[in-house]
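Asks:
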Amino acid sequence: MSTPDYLPFYPEEKPRQGYGVQYRFGRKLIPLTERRPPPKRLRYGRRIAQIGVAVTFVLMPRIHALRLDFGDNRLEILGRAIWMDEIWLLMIGVLFSAAAILTISVLYGRVFCGYACPQTILCDLTARIRHDLDRRLNAKISRNGKLASTAIYIVVTLGICLVVAFSAAAYFVAMRGPFWPIGGPLTPFATGLILTIAGVLALDTLWVRQRFCTNTCPYGAMLSVVGDNRSLVVWYDEDRGKKECIECGKCVRDCPTGIDIRQGPYQMGCIACGECIDTCNAVLPKINRAGLIAFEYGHRLGPPLMHPRLHGKERFGLFDLKRITLVVITAGMGGFFIFRMATLPPVSLDLNRISAGSTGSFLLNGGKRVANLYHITLINRDGQPHNFRLGVNGLAGLKMSAQNRRFRVEAGRARTVTVAVSAKSGQIGDRTRFLITATSVDSPDIHASVSARFSAPLF
Ligand code: SF4
Ligand code: SF4
């Protein structure tokens, strides 16, 4: 059997016996018949990815995987808390996120937009609802049906925006339980935040929609700078298209941003969703032709017969040193960040010396003793509450005002206390260092210490 001319990719592989007409989809040979067009695989993959992102978005604050608590000035990542004082760790997290976005963008172009962007997910969901409502209520032929469809669509969309706003607010507002906000009245801050987010989402979903992707999206603009001619794009095979495109226009009608991919692969409006690929793959097989649109790396665009097969790391887009370096740096930063998060001590102390009034940084007690005032923040990252006892050591004769008191700190919380540390005048000089310690009364192996500097008069 000779190789048929409608096999667009890898013509060295002959069709298998018994299958009749076939075409290649990814790594598989798919049989073509008029009765069974190939499934919309990219669309299914996209739906699964979008559902995964939506479930992750709702679950993350509930399982404390990511939360920014404005009330306590702390960030929760993977169940561990970082207070704003540990800004260096926060910076590593931010740099890692930026590196991950940059790497994905360089390798796979706008695939994030089509498969994981919350804006696209919301627009896809509401477009699906609108489509179903129009169909059920005969909106195309009935004026009343159109009015009813529009009214229901607006109400349902506003409801969805409100639900998403509750989930988004959970990233910033303390929740009362896994089913927050059910279970009690909301604070004024939470109410304001939820209504603001819901309002912005409603405006975006009901009016702006994919115009944001094509005109405003900063990620799309960034890609035009960091992307290069080897990034993954959605590509129309112009050579074959001249003879085989039947001008059905379905790829344009199904495109969520309404562009025509036949105009070229680097259009700002293309969010790489792959919808047009599925569409053309469903249309042309009916006349025993393979689809004309595919995902392809930028430097491989052109006559498909000249394409070598991709093997090994190149299948993942790792074509050059720049890409491999980006992946290695991102993996290194991610590994370091996760390691530091996992090895954070269960308890730590943060110290601030505060002003003692008109005498400046120290207090003189009748000339016999000199004292400094400190704000000590006890940070409890352990999974259970602890009672801490504070102490000072490192210098003889030091006393602390709260030495015999216990300070209870709830699990995953911080508590700030004010203490005075004093020493006999003449026994201690300016800038002398000593240690402030905190030990759990319930579990003495949980303890922390911080080095402090004493401020005393020079004479
Ligand atoms: S769906 Fe395919 S055949 Fe139809 S217009 Fe688009 S590229 Fe041409
Ligand atoms: S051109 Fe194709 S891949 Fe690009 S946005 Fe439109 S349907 Fe999605």
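Read in order, the letters of the sequence shown are residues 12 to 470 in this note's numbering. For each residue, glycine too, the CB sits at the ideal point set by N, CA and C.
#1: Mapping the DSSP letters down to three states, classify SER460 as helix, strand or coil.
#2: Across which residues does DSSP place MET411 in a beta bridge pair?
#3: The alpha helix (DSSP H) with GLY302 in it runs from where to where?
#4: For THR443, which residues from the same chain have a beta carbon less than 8 Å from its beta carbon, with the 5 sequence-adjacent residues on both sides left out?
#5: How should ARG147 be labelled, buried or exposed, when 16 other C-beta atoms within 10 angstroms of its C-beta is the threshold for buried?
#6: In chain order, what residues of the same chain have a beta carbon less than 6 Å from the beta carbon of SER160, not counting five sequence neighbours either side?
#7: Closer than 6 Å by C-beta to LYS157: which residues in its own chain qualify, once you throw out the five before and the five after it? Chain order, please.
#8: Where VAL69 and SER108 are concerned, what is the direct C-alpha to C-alpha distance, given to the nearest angstrom?
#9: Going by DSSP in three states, PHE373 sits in which element: helix, strand or coil?
#10: What did DSSP end up calling SER153 once you bin it into helix, strand or coil?
#11: State the Cα-Cα distance for the pair PHE445 and LYS379, rounded to the nearest angstrom.
#12: Suppose only complete runs of 4+ residues qualify. What are the alpha helix (DSSP H) ranges in the segment 307 to 390, listed by chain order?
#13: May I have the straight-line CA-CA distance separating THR44 from GLY302, to the nearest angstrom?
#14: Taking 7 Å as the limit between beta carbons, can you name the residues of its chain near ALA65, skipping five residues before and five after?
#15: Going by C-alpha to C-alpha distance, which of ALA425, SER462, SER412 sits closest to THR448?
#16: Taking all protein chains shown into account, do 16 or more other C-beta atoms lie within 10 angstroms of the C-beta of TRP99, making it buried, or fewer, making it exposed?
#17: Around the C-beta of GLN414, are 16 or more other C-beta atoms found within 10 angstroms, so that it is buried, or is it exposed?
#18: Ligand 2 heavy atoms versus the CB of CYS284: any closer than 7 Å?
#19: Provide the residue span of the alpha helix (DSSP H) that contains VAL237, from first to last.
#20: Are there three or more Cβ pairs, one per stretch, closer than 8 Å when the segment 304 to 323 is compared with the segment 54 to 63?
#21: In this structure, does DSSP put ILE257 in helix, strand or coil?
#22: How would you write the range of the beta strand (DSSP E) that THR225 sits in, first residue to last?
#23: Could you tell me the boundaries of the alpha helix (DSSP H) in which ASN292 lies?
#24: Any heavy atom of ligand 2 closer than 7 Å to the beta-carbon of CYS266?
#25: Based on DSSP bridge pairs, tell me the residues matched to GLY252.
#26: Given this structure, state the Cα-to-Cα distance separating ARG141 from ARG264, to the nearest angstrom.
#27: Out of ALA138, ASP248, CYS259, point me to the one whose CA is closest to TRP218's CA.
Replies: In brief:
#1: Looking at SER460 - three-state DSSP - the assignment turns out to be strand.
#2: Paired residue(s): VAL432.
#3: Careful: GLY302 lies outside any alpha helix (DSSP H) and carries neither H nor E.
#4: Excluding positions up to five away in sequence, the list reads LEU406, ARG464, PHE465, ALA467.
#5: Under the 10 Å beta carbon count, ARG147 is surrounded by fewer than 16 other beta carbons and is classified as exposed.
#6: Beyond the five residues adjoining it in sequence on each side, SER160 comes within less than 6 Å, by CB distance, of LEU144, ASP145, LEU148, ALA150 in the same chain, given in chain order.
#7: Excluding its 5 nearest sequence neighbours in each direction, LYS157 has C-beta neighbours in its own chain below 6 Å: ALA150, listed in chain order.
#8: Between the alpha carbons of VAL69 and SER108 lies a distance of about 19 Å.
#9: Looking at PHE373 - three-state DSSP - the assignment turns out to be coil, as it is neither helix nor strand.
#10: Note: SER153 maps to coil in three-state DSSP.
#11: Rounded to whole angstroms, the separation of the alpha carbons of LYS379 and PHE445 is 20 Å.
#12: Fully enclosed alpha helix (DSSP H) runs of no fewer than 4 residues occupy 332 to 353 of the segment 307 to 390, in order along the chain.
#13: Because THR44 carries a pLDDT of 45, less than 50, the predicted location of this residue cannot be relied on, and the following value inherits that uncertainty. C-alpha separation (whole angstroms): 14 Å.
#14: Once the five neighbours on either side are set aside, the close Cβ partners of ALA65 are ILE132.
#15: That would be SER462, whose Cα lies nearest to the Cα of THR448.
#16: It is exposed - the Cβ of TRP99 has fewer than 16 other Cβ atoms within 10 Å.
#17: So GLN414 counts as exposed.
#18: When distances are taken from the beta-carbon of CYS284 to the heavy atoms of ligand 2, the shortest one is below 7 Å.
#19: Annotation for VAL237: the continuous alpha helix (DSSP H) segment containing it runs 229 to 237.
#20: Counting C-beta pairs closer than 8 Å gives fewer than three between the segment 304 to 323 and the segment 54 to 63, which falls short of the contact rule.
#21: The three-state secondary structure of ILE257, taken from DSSP, is coil.
#22: Boundaries cannot be given for THR225, as no beta strand (DSSP E) includes it and DSSP labels it neither H nor E.
#23: Per DSSP, ASN292 belongs to the alpha helix (DSSP H) from 286 to 294.
#24: True, at least one ligand heavy atom lies under 7 Å from that Cβ.
#25: Checking the DSSP bridge columns, you'll see GLY252 has no partner listed.
#26: Cα to Cα, the separation comes out at about 15 Å.
#27: Of the candidates ALA138, ASP248, CYS259, the residue whose Cα lies closest to the Cα of TRP218 is ALA138.
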